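Numbering that gives the first Met the number 0 numbers the first residue of the sequence shown as 0 and each following residue consecutively.
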Amino acid sequence: MSSPEKDFQLQAMGPECASLLAALHEVTFRGGEVWDATSFKSLLSVTGTEATIALVDNCPAGFILSRTVLDETEILTLAVHPDFCRRGIGQSLVQNVLRKGKVFLEVAVCNNPAIALYRKCGFVKAGIRRRYYRDGSDAQVLVSSDV
Ligand SMILES: CC(C)(COP(=O)(O)OP(=O)(O)OC[C@H]1O[C@@H](n2cnc3c(N)ncnc32)[C@H](O)[C@@H]1OP(=O)(O)O)[C@@H](O)C(=O)NCCC(=O)NCCS
């Protein structure tokens with residue numbers, strides 16, 4: 000899974016990367032809902048759950064976690080380290096998941112950067128989940144539009 004014209008590479012990872020994902024999640028979601036290594040290990044033990052990380056010069060710069068059940072894939076989380084933002088990593092990670100077919104996700108209604116990214120990748124709004132997050136905020140449900 001290399002991106003020859005880009006300065007990063009995508010690599011599929013297994014449960015052994017739980018600590019790495021937790022560290023990236025913490026720095027990316029600081030002040031929000033951070034998932035620890037135990038949570039990632041548990042998520043990755045479920046059939047159909049896949050993690051892909053982005054590497055810049057072998058340095059972990061971001062990752063996406065998705066789960067496929069039958070013909071639907073959910074993006075469980077997406078994180079790009081602040082030092083590596085706005086160089087196309089998030090978009091590549093999402094596009095890599097879009098190869099699986101129909102994709103959906105929840106995103107906080109106030110998360111404008113992520114909503115802009117998903118819209119650029121062709122997602123459209125499918126609904127709202129009220130009080131979806133622990134802080135009581137709502138989530139938008141987005142679905143990929145080209146399937
Ligand atoms: C949202 C996030 C994943 C974006 O990652 P990224 O690698 O910087 O995104 P990209 O460089 O691939 O950006 C692709 C497009 O998304 C949009 N976008 C990304 N960051 C944006 C920002 N801060 N403000 C506005 N639009 C933004 C732009 O349209 C951008 O295209 P452009 O650079 O040509 O304008 C990253 O900021 C992040 O990890 N945020 C915190 C965690 C989070 O919110 N995760 C999503 C939870 S559902």
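Idealized CB from N, CA, C, for every residue including glycine. A quick note: this is a predicted structure, and the numbers were derived from the prediction, not measured.
At a Cβ-Cβ threshold of 8 angstroms, ALA60 and VAL33 do not count as neighbours.
THR37 carries a helical assignment under DSSP once its states are collapsed to helix, strand and coil. Not a single heavy atom of ligand 1 lies less than 7 angstroms from the C-beta of GLN8. Distance from the C-beta of LYS119 to the nearest heavy atom of ligand 1 is below 7 angstroms. A distance below 6 angstroms between beta-carbons, with the five flanking residues on each side excluded, links LEU64 to the following residues of its chain, in chain order: ALA50, LEU75 and THR76.
For SER143, the enclosing beta strand (DSSP E) stretches over residues 138 to 143.
Contact annotation: LEU97 and CYS120 have beta-carbon atoms nearer than 8 angstroms.
Taking non-hydrogen atoms of ligand 1 into account, the C-beta of ARG29 is found less than 7 angstroms away from none of them.
Shortest gap from the CB of CYS16 to any heavy atom of ligand 1: 7 angstroms or more.
Here the region 33 to 42 makes no contact with the region 105 to 117; the two share fewer than three CB pairs at distances below 8 angstroms. Straight-line measurement puts the Cα of LYS99 at about 10 angstroms from the Cα of ARG66. Counted as a single uninterrupted DSSP element, the stretch harbouring GLU15 is not any alpha helix (DSSP H), since DSSP gives it neither H nor E.
Looking at the backbone, the Cα of LYS124 and that of ALA22 are separated by about 30 angstroms. In the DSSP assignment, ILE88 forms no beta bridge with any residue.
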